[in-house]
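All remarks here apply to the structure that follows.
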Amino acid sequence: MDGMSLLTVTVLAVFVGFEVVSKVSSTLHTPLMSGANAIHGIILVGAIIVAGQAADPVILAVALLAVVLATANLVGGFVVTDRMLHMFHGRKEAAGKASAGKGEGQ
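If you want it as structure tokens, here you go:
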């Protein structure tokens, strides 16, 4: 592909991605983004493979940087998911305590 074709594909991908993400409700945004970050496990495996086969020190440095960044993104995705699940867990406990308190007062 020539440079103009690559630029066209990149611009169209950015436009479509922006349109799709802007239509997602805020309720679904966090689970979708944490799931997308978890996909970085595939990138992490690829970076580890490249780092293991690197003969040139520059390629090794870039591959190790990719391993570090992919690991941070993968862990961040799971941390966000965990925090989100704890937010919903807290609502269930509060609702359970409120309904239990109403039953005791009657």
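According to the working numbering, the sequence shown is numbered sequentially starting from 167. We put the CB at the ideal spot given by N, CA and C, even for glycine. These numbers were taken from a predicted model, which means no experiment stands behind them.
Where the alpha helix (DSSP H) through residue i begins and ends
i: V182; result: 169-188
Closest Cα partner of residue i within the set the options
i: G218; options: L194, A229, I208; result: A229
i: L198; options: V186, H252, M253; result: V186
i: M253; options: V234, T193, A221, A220; result: T193
Distance CB(residue i)-CB(residue j) smaller than 9 Å
i: A213; j: A179; result: no
i: M167; j: V175; result: yes
i: I225; j: V216; result: yes
i: A232; j: I209; result: yes
Neighbourhood of residue i by C-beta distance below 6 Å, restricted to the same chain and skipping five residues each side
i: N239; result: N203, H206
i: L173; result: none
- prompt: Which ranges does the alpha helix (DSSP H) cover as unbroken runs of at least 4 residues, wholly within the segment 194-240, from first to last along the chain?
  reply: 206-219
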